[in-house]
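Asker: Okay, handing you the structure first.
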Amino acid sequence: MEWNIFEKEQKEICKKYNLEWNSVNENSMLAVNDSLFLNIEPINGLRHNRNGNIEGWYIWSGDEIPHDEENFFKSIHIYHLIDSKPEILKYLGLPVGYRFQIDSKKYEDIWFDEKVANV
104 MEWNIFEKEQ KEICKKYNLE WNSVNENSML AVNDSLFLNI EPINGLRHNR
154 NGNIEGWYIW SGDEIPHDEE NFFKSIHIYH LIDSKPEILK YLGLPVGYRF
204 QIDSKKYEDI WFDEKVANV
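In terms of our numbering, the sequence shown is residues 104 to 222.
Listed below in structure tokens is the structure:
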């Protein structure tokens with residue numbers, strides 16, 4: 104799929120929640136936990152400030168943020184999610200400080216977390 108299709112979806116999500124769209128580059132990096140690829144639900148994401156080539160996104164599956172060393176986050180290029188987890192891409196235009204949670208039953212929650220914004 105063309106990246107501009109995902110950008111259009113990102114803009115639609117931001118418009119739906121009356122938020123300013125914050126673009127991401129498909130060649131940039133984000134941080135994911137291995138749980139994301141184990142079909143565990145829900146899928147969670149939060150956005151910190153951009154740091155170098157890292158867009159500030161941390162994405163994982165399950166209820167809790169993984170904290171142990173064996174299950175920590177690793178960086179991948181955003182374009183790797185196009186084939187493996189395309190349902191996540193439409194949320195990557197959310198502003199810094201926002202979080203999302205989704206599942207395969209079309210559940211969607213988006214909210215602002217001041218603690219995330221100030222990190």
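A virtual CB, placed ideally from N, CA and C, is assigned to each residue, including glycine.
Just so we're clear, the structure is a prediction, and the values are computed from it rather than from any experiment.
1. Is the beta carbon of P145 sitting closer than 9 angstroms to the one on Y194?
2. Can you list, in chain order, the residues of its chain whose CB lies under 7 angstroms from that of Q113, leaving out five sequence neighbours each side?
3. Thinking just about the alpha-carbon of each residue, which of E190, F203, P198 is nearest to the one in A220?
4. Rounded to a whole number of angstroms, what is the C-alpha to C-alpha distance between D186 and Y120?
5. Here's the rule: buried if 16 or more other CB atoms are within 10 angstroms of the residue's CB, otherwise exposed. What is N133?
6. Which of the three DSSP states is assigned to Y201 in this structure?
Answerer: So, from the data block:
1. The residue given as residue 145 occupies position 42 in the sequence shown. The residue given as residue 194 occupies position 91 in the sequence shown. Result no, Cβ atoms of P145 and Y194 do not sit closer than 9 angstroms.
2. On the sequence shown, residue 113 is found 10 positions in, with the first residue counted as 1. Closer than 7 angstroms at the Cβ level, and outside the excluded window around Q113, lie W124, K193, L195, G196.
3. For the purposes of this step, residue 220 is identified with residue 117 of the sequence shown, where counting begins at 1. Among E190, F203, P198, the Cα nearest to that of A220 is on P198.
4. The residue labelled residue 186 in the question sits at position 83 within the sequence shown. The residue labelled residue 120 in the question sits at position 17 within the sequence shown. If I take the Cα positions, the gap works out to 26 angstroms.
5. Taking the first residue of the sequence shown as position 1, residue 133 is located at position 30. Going by the sequence as given, residue 133 is Leu instead of Asn. Label assigned to L133: buried.
6. In the sequence shown, the residue the question calls residue 201 occupies position 98. Y201: strand per DSSP, three-state reduction.
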